[in-house]
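Numbering-wise (the working numbering), the sequence shown opens with residue 93 and increments by one.
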Amino acid sequence: MHTKPTRGPSSIRRGTVTASSITVHWEEVPCLDRNGEITGYIAEAVKNGVVEETASVSGGARQATISGLSPSTWYTVQVAAVNGAGTGPYSSGISLTTSDGLSTQVISSSNTSLAISWTLEETLTASAYTISYSNTNNTDCFTDSRSDTITSETTYQLTGLEEGTQYSITVTATLTGGRTEQDTVTATTRTAAPSAPSLFCEIVSGQFN
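Spelled out as structure tokens, the structure:
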């Protein structure tokens, strides 16, 4: 009578990590711990002690991709082997953080304007972007909403700003399916250089004073 595997896969290694998925690789279970033919593997992503997502692959596989994860989130990934009797113990996990879904940066500034650009993680698709910004010294807030589907435009110019003032700028991406990703940066407009003093010359009795 077969029993479950008595040991999990070894050498769990990081593969590709995106904002919504983690790929891990491993070595097969040692022969003496298989207790029969390994028919599959189960990889699971755990957050705060709770299994968030799993991925199942065949017994010949040495990697799995766990999808449906949240951006910028810390996960522990562990893998178990499966044979005809059931699922064996999980391996020691490895801890990984998914990448940011949206990254924003300030690319230029003037006395009254700021220009920003943003990058959406390549596995995500946005149907619209909303750019909101406010003077951090008061409660005024101005929002420019885009309702069209943007595929190539990932820059925005904020104009009519106050000189030498710090602004908080937030880009919100509305993703396919309705979920959103958000990123905030702060930037300060430039202060105009003081004008050079005028030079006055007065001629008195044929001399400069």
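Yeah, the Cβ is synthetic: ideal placement off N, Cα and C, and Gly gets one too. In this text, all values refer to a predicted model and were calculated from it rather than measured experimentally.
One or two residues paired with residue i in a DSSP bridge
i: W166; result: T189
i: L206; result: S201, L250
i: E136; result: T146, Q170
i: L267; result: A218
i: D275; result: V263
Spatial distance of residue i from residue j (CA atoms)
i: V198; j: S205; result: 11 Å
i: E245; j: A279; result: 21 Å
i: Q258; j: N227; result: 6 Å
i: S200; j: T251; result: 12 Å
i: S159; j: Y248; result: 31 Å
i: A285; j: L267; result: 43 Å
i: N140; j: W166; result: 9 Å
Neighbour flag for residue i against chain B, beta carbons, 8 Å
i: S201; result: Although the question refers to chain B, the structure presented lacks it and comprises just one protein chain.
Contacts around residue i, its chain only, beta-carbon distance under 6 Å, and the 5 residues preceding and following it disregarded
i: T235; result: Per-residue confidence for T235 stands at a pLDDT of 48, beneath the threshold of 50, marking its modelled position as unreliable; the derived number appears in the next sentence. Around T235: S224.
Neighbourhood of residue i by C-beta distance below 8 Å, restricted to the same chain and skipping five residues each side
i: G107; result: I114, T115, V116, H117, Q155, T157
i: S191; result: V109, T110, A111, P163, S164, E213
i: V143; result: E136, A137
i: H94; result: N127, G128, N175, G176, A177
Among the options, the one whose alpha carbon lies nearest that of residue i
i: D125; options: S202, P97, I186; result: P97
i: G180; options: R282, I104, R99; result: R99
i: G152; options: T146, V121, K139; result: V121
Where residue i falls: helix, strand or coil (DSSP)
i: L194; result: strand
i: L161; result: coil
i: L212; result: strand
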